[in-house]
Amino acid sequence: MPTTKEEIIAVLLSHMPDHIPTIDDYDKPLEDYGLDSLDTADLLLALEEKYNLRISDDDIEILRSTNDMANYAQKQLASK
Amino acid sequence: MIGILDLASYIPPDFSDNSVRLAEFDKSLDFLDQKIGSRTVSRMAAGMETSDMCLNALELLTSKSSINISDVDCIVVCTQNPDGHGIPHTSAIVQAKIGAPSTCASFDISLGCSGYVYGLSIMKSFMEANQLKNGLLFTSDPYSKILDPNDPNTVLLFGDAGTVTYLGEANTEATELIPESFQFYTQGTSSDALTNASGKLKMNGMAVLRFAATTVPVQIETLLSKSNRTKEEIDLFIFHQGSKHILENLRKTLELPDNKVPIAISGHGNTVSSAIPLILENYLHESNYHRILLCGFGVGLSVASCVLTRSRL
Numbered sequence: 001m002p003t004t005k006e007e008i009i010a011v012l013l014s015h016m017p018d019h020i021p022t023i024d025d026y027d028k029p030l031e032d033y034g035l036d037s038l039d040t041a042d043l044l045l046a047l048e049e050k051y052n053l054r055i056s057d058d059d060i061e062i063l064r065s066t067n068d069m070a071n072y073a074q075k076q077l078a079s080k
Numbered sequence: 081m082i083g084i085l086d087l088a089s090y091i092p093p094d095f096s097d098n099s100v101r102l103a104e105f106d107k108s109l110d111f112l113d114q115k116i117g118s119r120t121v122s123r124m125a126a127g128m129e130t131s132d133m134c135l136n137a138l139e140l141l142t143s144k145s146s147i148n149i150s151d152v153d154c155i156v157v158c159t160q161n162p163d164g165h166g167i168p169h170t171s172a173i174v175q176a177k178i179g180a181p182s183t184c185a186s187f188d189i190s191l192g193c194s195g196y197v198y199g200l201s202i203m204k205s206f207m208e209a210n211q212l213k214n215g216l217l218f219t220s221d222p223y224s225k226i227l228d229p230n231d232p233n234t235v236l237l238f239g240d241a242g243t244v245t246y247l248g249e250a251n252t253e254a255t256e257l258i259p260e261s262f263q264f265y266t267q268g269t270s271s272d273a274l275t276n277a278s279g280k281l282k283m284n285g286m287a288v289l290r291f292a293a294t295t296v297p298v299q300i301e302t303l304l305s306k307s308n309r310t311k312e313e314i315d316l317f318i319f320h321q322g323s324k325h326i327l328e329n330l331r332k333t334l335e336l337p338d339n340k341v342p343i344a345i346s347g348h349g350n351t352v353s354s355a356i357p358l359i360l361e362n363y364l365h366e367s368n369y370h371r372i373l374l375c376g377f378g379v380g381l382s383v384a385s386c387v388l389t390r391s392r393l
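Protein chains in written order, with our numbering: chain B, 1 to 80; chain S, 81 to 393.
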């Protein structure tokens, strides 16, 4: 059964840093919630490990919101 | 058998204060404190050379150790930023500057963050194979020579420092720790993650973080298995001080208690191959630390780890 976007978002939310507020707008850039570049790197690493993906350096720059990351991962998984 | 007798480290007194550049780089004080782990990074003085940091470390060693320079028969300098342009090798310059005998073997090792552990293995093996008895392993890799002042990924992170480790016969009263059970790993396919591109350091932070987070834990487990030890039997894990963020990530992944994983990056930053010995110096003579695991990782990309066992248990 293909991985749903909701499942991917759940993985991301489970790896959010403890100190940030609840993510209630999945289109809002994560830096607006207080995440820095290393926090974002951790989230992308979590997706890589969970779904055996490799996110290219060029793509990292454009993945700024929860939906950006979830859509990206879902697209990668669909093309496997 | 060769073991570690003493160790000294030199941190230059000059610093770069990262907190004054926060607005320029769109970073917060919290980022410096919680992610990098330091608000300042140490800087070698203008006009100083890589060999000079070696000498300063040695001066500190001789002030507390019984080493006799006329007995030194092996000098190794671990650096990827040597004196001048690398010819002659920095260890030869150090040999001359300290007045070590001409019978002394001197060579450099071109390694970064994994360099101290590699250096211990190389020197131990070299000295044992050639019946040498008094070796000095220097780490001195001033990245300040190649940092891009406008790159926040690197200029806020790396600092300068030099260390010297005195290696000698393991069966003496003076011997503290014996290196055993080495483990090495190289991922040259990712070597472009950390390069000196046209004289400036370039680092792909995500690639380095990915490597550290995924490869280092596996290497630690492999080393423990190889040396028939459990995590509980290791009293201290001294990791390369890449950043506070990476160290906390590793501690969590390996499920290690806080008191077994020192984080000592504050004040000077990531000092490359000097990072591990800077911390080891604080525990070298603490006899209640029976087994210490060292793990250096970084440029290459490369991992080197070993277990040090207390000579007198």
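Glycine included, every Cβ here is placed at the ideal spot set by N, Cα and C.
| Item | Value |
| --- | --- |
| Count the CB pairs spanning the stretch 53-68 of chain B and the stretch 281-291 of chain S that are closer than 8 angstroms, and state whether there are at least three. | yes |
| Compute the Euclidean distance between the alpha carbons of residue 18(B) and residue 9(B), then round it to the nearest angstrom. | 16 angstroms |
| Pull up the DSSP beta-bridge partners for residue 390(S), would you. | 257(S) |
| Can you tell which of 311(S), 308(S), 320(S) has the C-alpha that lies nearest to the C-alpha of residue 356(S)? | 320(S) |
| Short of 9 angstroms Cβ to Cβ, which residues in the stretch 273-302 of chain S face chain B? | 284, 285, 286, 287, 289, 290, 293, 294 |
| Please go through the stretch 104-155 of chain S and give each complete alpha helix (DSSP H) segment of 4 or more residues, from N-terminal end onward. | 130-142 |
| For chain B, find out if any of its Cβ atoms is closer than 8 angstroms to the Cβ of residue 332(S); answer yes or no. | no |
| Would you verify that the beta carbon of residue 238(S) is, or is not, closer than 8 angstroms to some beta carbon of chain B? | no |
| So if DSSP puts residue 371(S) in a beta bridge, which residue, or which two residues, is it bridged to? | 389(S) |
| Taking residue 320(S) as the query, report the chain B residues whose CB atoms sit under 7 angstroms from its CB, ordered along the chain. | Simply none; closest approach about 17 angstroms. |
| Do you know offhand how far residue 372(S)'s Cα is from residue 266(S)'s? | 23 angstroms |
| At the 8 angstroms Cβ level, is residue 45(B) part of the contact set with chain S, yes or no? | yes |
| State yes or no: is the C-beta of residue 207(S) within less than 8 angstroms of the C-beta of residue 195(S)? | no |
| Which bits of chain B does residue 325(S) rub up against, with CB to CB less than 7 angstroms? | 38 |
| Applying the 10 Å Cβ sphere with the 16-neighbour rule, what's the burial state of residue 329(S)? | buried |
| Going by the beta-carbon positions, is the gap between residue 20(B) and residue 38(B) smaller than 8 angstroms? | no |
| Given a threshold of 16 other Cβ atoms within 10 Å of its Cβ, counted over all protein chains shown, does residue 126(S) qualify as buried or as exposed? | exposed |
| As an exercise, report each continuous alpha helix (DSSP H) stretch of at least 4 residues that is fully enclosed by the stretch 24-77 of chain B, in chain order. | 37-51, 57-60 |
| If contact is defined by three or more beta carbon pairs under 8 angstroms, each pair taking one atom from either stretch, is the stretch 342-356 of chain S in contact with the stretch 311-325 of chain S? | yes |
| For residue 26(B) and residue 109(S), what's the separation of their Cα atoms in angstroms? | 27 angstroms |
| Just grab the DSSP bridge partners of residue 280(S) for me. | 277(S) |
| Should residue 211(S) go down as buried or exposed, given a rule of 16 or more other Cβ atoms within 10 Å for buried? | exposed |
| With DSSP collapsed to three states, give me the class of residue 221(S). | coil |
| Going by DSSP in three states, residue 249(S) sits in which element: helix, strand or coil? | strand |
| Relative to the alpha-carbon of residue 103(S), which residue among 240(S), 389(S), 236(S) has its alpha-carbon at the smallest distance? | 236(S) |
| For chain B, check one thing: does any of its Cβ atoms lie closer than 8 angstroms to the Cβ of residue 115(S)? | yes |
| Output yes or no for whether 8 angstroms exceeds the beta carbon distance between residue 184(S) and residue 157(S). | no |
| Indicate whether the contact test is met: 3 or more Cβ pairs, each with one atom in the stretch 239-251 of chain S and one in the stretch 215-228 of chain S, closer than 8 angstroms. | yes |
| Within its chain, find whatever has a CB closer than 6 angstroms to the CB of residue 5(B); leave out the 5 residues flanking it on each side and keep chain order. | 70, 74 |
| For a cutoff of 8 angstroms on Cβ pairs, would you count residue 105(S) as touching chain B? | no |
| So, for residue 72(B): in the same chain, excluding its five sequence neighbours on each side, which residues have a beta-carbon less than 7 angstroms away from its beta-carbon? | 59, 63 |
| Determine the burial state of residue 188(S): buried for a count of at least 16 other Cβ atoms within 10 Å of its Cβ, exposed for fewer. | buried |
| List, in order along the chain, the chain S residues whose C-beta lies closer than 7 angstroms to that of residue 60(B)? | 286 |
| Is it true that the CB of residue 79(B) sits closer than 8 angstroms to the CB of residue 29(B)? | no |
| So the alpha helix (DSSP H) residue 199(S) belongs to, where does it begin and stop? | 195-209 |
| Got a sec, what are the start and stop residues for the beta strand (DSSP E) residue 355(S) sits in? | Where residue 355(S) is concerned, there is no enclosing beta strand (DSSP E), although the alpha helix (DSSP H) it sits in stretches over 355-363. |
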